[in-house]
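To keep things clear, I will list the structure first and then write my remarks on it.
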Amino acid sequence: MQAKRSAKLSVGLVPTMGALHQGHLTLIRAALSENNLIVATIYVNPTQFNNASDLDKYPRSLEADIKMLEKENCHALFMPSDLEMYSDTQYLKFDFGDLDKVMEGRFRPGHFSGVALVVSKLFNIVQPDKAYFGQKDYQQFQIIQRLVTELKFPVELRSVPIVRDPTGLALSSRNQRLNEADLNKATLLHECLVYAKDKLAQGEEFDLIKREVSQKFNEDEGLELEYLELADKMTLAPLEKNTHPNQGILLIAAYINGVRLIDNMILDQ
Ligand code: AMP
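In structure tokens form, the structure reads like this:
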């Protein structure tokens, strides 16, 4: 089995939901740098959406996506249909213990079960040696790591740093749903992460920082902070302060005129 695997060309998998941007392309480039064959996937996975209108409004730009992938010399693109991915009645549900009860898991019930389901299917179909995910979806990466460990998927995971635009806004397919004024407002997510990081470094209580950040969001109509959390990088358990310099990560989710965005910042980076 091992001999067979090592004789074949190494395959790198980059799962996406399309509406590609430079963030996705850094995953493709990272995959190209350490594999013989790259498979990108574009699939807007219905089971990870807990809100029908979010699924409906999810940006789709297939022609442009294909051009971008060709330009990057991506070798293969897999675009399954819903029927291919979910032909049978679907009963399988995942529970990741403490990891999926906080933040994204708390505010998007069922989201990570859907993510784990689709990622498991993609791993089984593509059988990659390595799979590439963005740090932008930090909690998702921790969940997939646990999935791979517990189900013993023979795949190595890679996390790629967040790509931002010059204002600091993390690139996201959902940014396409924002007009120029909203894009300007959306920079508040990153600004608040930087603010919170600085204040923590100055020794300010995280509870107070949270209240200050919440205030900043309340000042502008159309903005709504869903959460700002300080968490342990590995367990995602909430922290009251960043006691150990290497321990913490700040994670944020907010609505900008109805469009939900997330971002995060590792404190020792
Ligand atoms: P999505 O198409 O939004 O599901 O994202 C597909 C992959 O791209 C996920 O692993 C994301 O974490 C990653 N990704 C999305 N945005 C960024 C970004 N700004 N920087 C780095 N990776 C990203």
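No gaps in the numbering here: position 136 of the sequence shown is 138 in the numbering used here, and each next residue is one more. Ideal placement from N, C-alpha and C gives every residue a C-beta, glycine not left out.
For this session: Name the two residues that bound the continuous beta strand (DSSP E) containing residue 160.
Result: For the purposes of this step, residue 160 is identified with residue 158 of the sequence shown, where counting begins at 1. 158-162 is the extent of the beta strand (DSSP E) around residue 160.
Exercise. Would you say residue 26 touches ligand 1, meaning its beta carbon is less than 7 Å from a heavy atom?
Worked result: Along the sequence shown, read from residue 1 onward, the residue named residue 26 stands at position 24. Yes, ligand 1 has a heavy atom inside 7 Å of this Cβ.
Exercise. What three-state label does DSSP hand residue 266 in the structure shown?
Worked result: As a working mapping, residue 266 is identified with position 264 in the sequence shown. Three-state result, residue 266: strand.
For this session: Below 8 Å CB to CB, which residues in the same chain sit around residue 144 once its five sequence neighbours on both sides are set aside?
Result: One-based indexing of the sequence shown puts residue 144 at position 142. Within the same chain, and ignoring the five residues on either side of residue 144 in sequence, the residues whose Cβ sits closer than 8 Å to its Cβ are 101, 236, 238.
Problem set entry | Endpoints, beta strand (DSSP E) assigned at residue 229 | Residue mapping note: residue 229 aligns to position 227 of the sequence shown, counting from 1. Its beta strand (DSSP E) spans residues 225-234.
Exercise. For residue 67, is the classification buried or exposed, using 16 other Cβ atoms within 10 angstroms of its Cβ as the cut-off for buried?
Worked result: Here residue 67 corresponds to residue number 65 of the sequence shown, with the count starting at 1. Taking all protein chains in view, the Cβ of residue 67 is crowded by 16 or more other Cβ atoms within 10 Å, so the residue is classified as buried.
For this session: Give the DSSP-derived three-state secondary structure of residue 5 in the structure shown.
Result: Here residue 5 is taken as the residue at index 3 of the sequence shown, counted from 1. Its pLDDT being 48, under 50, residue 5 is placed unreliably in this model, and the coordinates cannot settle the point.
For this session: Express the C-alpha separation of residue 173 and residue 185 in angstroms, rounding to a whole number.
Result: As a first step, residue 185 is located in the sequence shown; it is residue number 183 there, counting from the start. As a first step, residue 173 is located in the sequence shown; it is residue number 171 there, counting from the start. Here the alpha carbon of residue 185 sits roughly 11 Å from the alpha carbon of residue 173.
Problem set entry | First and last residue of the uninterrupted alpha helix (DSSP H) at residue 109 | The sequence position of residue 109 within the sequence shown is 107, counting from 1. Boundaries of the alpha helix (DSSP H) harbouring residue 109: 105-109, taken from the DSSP string.
Problem set entry | Sub-8 Å separation of residue 70 and residue 44 beta-carbons | Within the sequence shown, numbered from 1, the residue matching residue 70 stands at position 68. Within the sequence shown, numbered from 1, the residue matching residue 44 stands at position 42. Note that the C-beta distance between residue 70 and residue 44 is not below 8 Å.
For this session: Give the DSSP-derived three-state secondary structure of residue 62 in the structure shown.
Result: Taking the first residue of the sequence shown as 1, we reach residue 62 at position 60. In the structure shown, residue 62 sits in coil (DSSP, three-state: anything other than H, G, I, E or B).
For this session: Can you give me the Cβ contacts of residue 16 inside the same chain, cut-off strictly under 6 Å, excluding the 5 residues immediately before and after it?
Result: Locating residue 16 in the sequence shown gives position 14, counting from the first residue. Closer than 6 Å at the Cβ level, and outside the excluded window around residue 16, lie 29, 30, 33, 42, 134.
For this session: Determine, using beta-carbon pairs with one atom in the stretch 111-131 and one in the stretch 50-57, whether at least three such pairs fall under 8 Å.
Result: By the criterion of at least three beta-carbon pairs nearer than 8 Å, the stretch 111-131 is in contact with the stretch 50-57.
Exercise. Any heavy atom of ligand 1 within a distance shorter than 7 Å of the CB on residue 121?
Worked result: Position 119 of the sequence shown, counted from the first residue, corresponds to residue 121. Distances between the C-beta of residue 121 and the heavy atoms of ligand 1 are all 7 Å or more.
For this session: Decide if the stretch 74-89 is in contact with the stretch 114-128; the criterion is three or more beta carbon pairs, one per stretch, under 8 Å apart.
Result: Enough Cβ pairs lie closer than 8 Å, so yes.
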